[in-house]
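Mapping of the sequence shown onto numbering that gives the first Met the number 0: residues 0 to 450, in sequence order.
A virtual CB, placed ideally from N, CA and C, is assigned to each residue, including glycine.
Below is one structure, written out as structure tokens, with a few remarks after it.
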Amino acid sequence: MTLCGGMMMRQPLCCSQTARSTCGTRSSMAVCRARVAIPSSTILLSGGRRLHGGRSCQRRSRASSVVTHASRDFYEILGVSRDADKKTIKSAYRQKARKFHPDVNKEPDAEAKFKDISAAYEVLSDEEKKSIYDRFGEDGLKGGGMGGAGFGGMGSDFTNPMDIFESFFGGSMGGMGGMGGMGGMGGGAARARNRPVAGDDRRHDIKLDFSEAVFGCQKEVEVSRLEKCSTCDGSGVKPGTTPSRCATCEGQGQVVQAVRTPLGIFQQVSTCPACNGVGETSTPCGTCSGDGRVRGTKKISLRVPPGVDEGSRLRVRGEGDAGKKGGPNGDLYVFIAVKPHPELRREGTTIHSDKEISYIDAILGTTVQVTTVDGDVDLKVPAGTQPGTTLVMSKRGVPKLGASTARGDHLVHIKVKIPKSVSGEEKELIEQLKGMQKETDSKKKKKGWFS
């Protein structure tokens, strides 16, 4: 970067390839032309080079090598405008970080994109860094002491991208805490692996009777889970010994290997094989093999509230797997299934049942006994009840979950039984009734004519 005519200009960035340089010098390692948004006038760059019409001319000897870095547009990476507020930038980061997380996206360039997204968010979410970037671009950040072989050439001031991701999502898509890729991230990776990790949630299934689901109950469940090792108190380190700094990676959790390529010397970062990225070595506990947790079972008294239904889920905080390195326990989720009732059906807080009566009772009316969740209850069936009539027994249904004093209703669906055959005496009486019905209907018609 250099000043020309009172303006701050950025040097165009190039890719190395075998070609004839724009100065006419044939070299196995020459600099290609890169398109950059700069004026076409001649600009004097540092080192005596000249830039003509946006083209760079640079001579290199055959023995030299070139390492170049492409300038990144952080706004374009996050897909936001330059006047985007912090809320918009944060939302864009969340969406793209999930999309390109290496554990989810298996495309070859997903990890590189994920790192670019994290670097873009770190800059644009910080007012000071954003101000420098808006004025001078990525080179301005380098000039501010952020250069070196760090994150994508940005330096060690950039945070491990997994640290940023975990601050949003709590490490739920972990497994990449020590992800390599670029230098300057080793310390962050080691810290990420040494930080407390919450335990996993556990699931347990129980089956309740119909009445237990309606009115609630107390259940004792036995859960298999990972518990804190009592021998090492969850540290994973053999009692009487202490962890020491890894001599291989010097506590960074990662090792850097220089690889010489036709394009120059590149640094390849990988997890330290000696400490597995922790940055420390220790003698593992003999009981838990260094995990800090052992498999165990626990009996838990569970209170099932009134009104639960098939598929309901109860959460018991802190009764899941123990966390690692002092992390909190996970939660226990109890999934509920309900046995069917031989007579009653449930729909939310409403109970349904069917009651069959004779056609005589439907005509004359009667009192029947109905099975409810409260026991057998007498129900009055009014005279003239039609087949399919629904009678309501108020507040005989299921208590509302979370408000047990409020209850639903019990709906009784009346079915009228019509006999397929009758005795001779019954038939004679029915015929008499039929004659009387015709006579009554005839009188009603005559009365209607003269009324």
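Reference residue i, options the options, closest by Cα
| i | options | result |
| --- | --- | --- |
| residue 405 | 412, 397 and 327 | 397 |
| residue 285 | 198, 329 and 237 | 237 |
| residue 360 | 116, 385 and 434 | 385 |
| residue 394 | 351, 256, 310 and 364 | 351 |
| residue 356 | 138, 342, 368 and 408 | 368 |
| residue 362 | 300, 256, 416 and 245 | 416 |
| residue 373 | 354, 343, 93 and 420 | 343 |
| residue 207 | 310, 249 and 230 | 310 |
| residue 387 | 401, 414 and 399 | 414 |
| residue 97 | 82, 81 and 77 | 77 |
| residue 335 | 230, 346, 215 and 258 | 215 |
| residue 358 | 108, 298, 333 and 429 | 429 |
Residue i, enclosing alpha helix (DSSP H) - first and last residue
| i | result |
| --- | --- |
| residue 117 | 109 to 123 |
| residue 413 | First-last for residue 413: 409 to 416, but that is the beta strand (DSSP E), not the alpha helix (DSSP H). |
| residue 295 | Careful: residue 295 lies outside any alpha helix (DSSP H), inside the beta strand (DSSP E) at 292 to 303. |
| residue 106 | No alpha helix (DSSP H) contains residue 106, which DSSP labels as neither H nor E. |
| residue 400 | Residue 400 -> no alpha helix (DSSP H), and no H or E assigned at all. |
| residue 77 | 73 to 77 |
| residue 134 | 126 to 140 |
Continuous beta strand (DSSP E) stretch holding residue i: start and end
| i | result |
| --- | --- |
| residue 354 | 349 to 357 |
| residue 201 | 201 to 207 |
| residue 227 | 216 to 227 |
| residue 314 | 312 to 315 |
| residue 331 | 331 to 337 |
Cβ neighbours of residue i in the same chain (closer than 8 Å, five flanking residues each side left out)
| i | result |
| --- | --- |
| residue 66 | At residue 66, the pLDDT of 40 sits below 50, so the modelled position is not reliable; the number obtained from the coordinates is stated separately. Around residue 66: 262, 263, 264 and 265. |
| residue 437 | none |
| residue 36 | Bear in mind that the predicted position of residue 36 carries a pLDDT of just 38, short of 50, making it too unreliable to give a figure here. |
| residue 349 | 396, 397, 407, 408, 409 and 410 |
| residue 339 | 209 |
| residue 451 | Here the chain covers residues 0 to 450 and nothing more, so residue 451 does not appear. |
| residue 392 | 369, 371, 376, 378, 408, 409, 410 and 411 |
| residue 283 | 235, 236, 237 and 289 |
| residue 71 | 115, 118, 119, 137 and 151 |
| residue 432 | none |
| residue 328 | 197, 198, 317, 318, 319, 320, 321 and 322 |
| residue 441 | none |
| residue 241 | 281 |
Supposed contact pair residue j and residue i - C-beta distance, whole angstroms, cut 8 Å
| i | j | result |
| --- | --- | --- |
| residue 199 | residue 319 | 6 Å |
| residue 296 | residue 222 | 7 Å |
| residue 370 | residue 380 | That belief does not hold up - the Cβ atoms of residue 370 and residue 380 are roughly 15 Å apart, past 8 Å. |
| residue 300 | residue 219 | 6 Å |
| residue 213 | residue 341 | Not a contact, Cβ separation roughly 15 Å. |
| residue 307 | residue 330 | Residue 307 to residue 330, Cβ: 18 Å. No contact. |
| residue 113 | residue 99 | 5 Å |
| residue 312 | residue 225 | Actually they are not in contact, since the Cβ atoms of residue 312 and residue 225 sit about 21 Å apart, beyond 8 Å. |
| residue 250 | residue 276 | Not quite, the Cβ-Cβ distance comes to about 11 Å (not below 8 Å), so this is no contact. |
| residue 324 | residue 194 | 7 Å |
Identified DSSP bridge partners for residue i
| i | result |
| --- | --- |
| residue 392 | 409 |
| residue 344 | 351 |
| residue 253 | 270 |
| residue 382 | Note: residue 382 sits in no beta bridge, so no partner. |
| residue 87 | In the DSSP output, where bridge partners are listed per residue, residue 87 has none listed. |
| residue 365 | 380 |
| residue 242 | Its beta-bridge partners do not exist; DSSP assigns none. |
| residue 322 | In DSSP, residue 322 forms no bridge with anything. |
| residue 263 | 260 |
| residue 374 | 371 |
| residue 230 | BP columns for residue 230 are empty, so no partner. |
| residue 282 | Residue 282 pairs with nothing; no bridge assigned. |
| residue 236 | 283 |
| residue 196 | 323 |
Close-in-space but distant-in-sequence residues of the same chain around residue i (CB under 6 Å, 5 per side omitted)
| i | result |
| --- | --- |
| residue 123 | 73, 88 and 129 |
| residue 95 | 116 |
| residue 247 | 271 and 273 |
| residue 390 | 411 |
| residue 233 | 227 and 291 |
| residue 111 | none |
| residue 400 | 306 |
| residue 326 | 195, 196 and 197 |
Short CB-CB distance (under 7 Å) between residue i and chain B
| i | result |
| --- | --- |
| residue 72 | Considering every chain present, this structure includes no chain B. It has just one protein chain. |
Contact set for residue i: own chain, Cβ-Cβ below 7 Å, skip 5 residues either direction
| i | result |
| --- | --- |
| residue 179 | Per-residue confidence for residue 179 stands at a pLDDT of 38, beneath the threshold of 50, marking its modelled position as unreliable; no derived number is given. |
| residue 302 | 217 |
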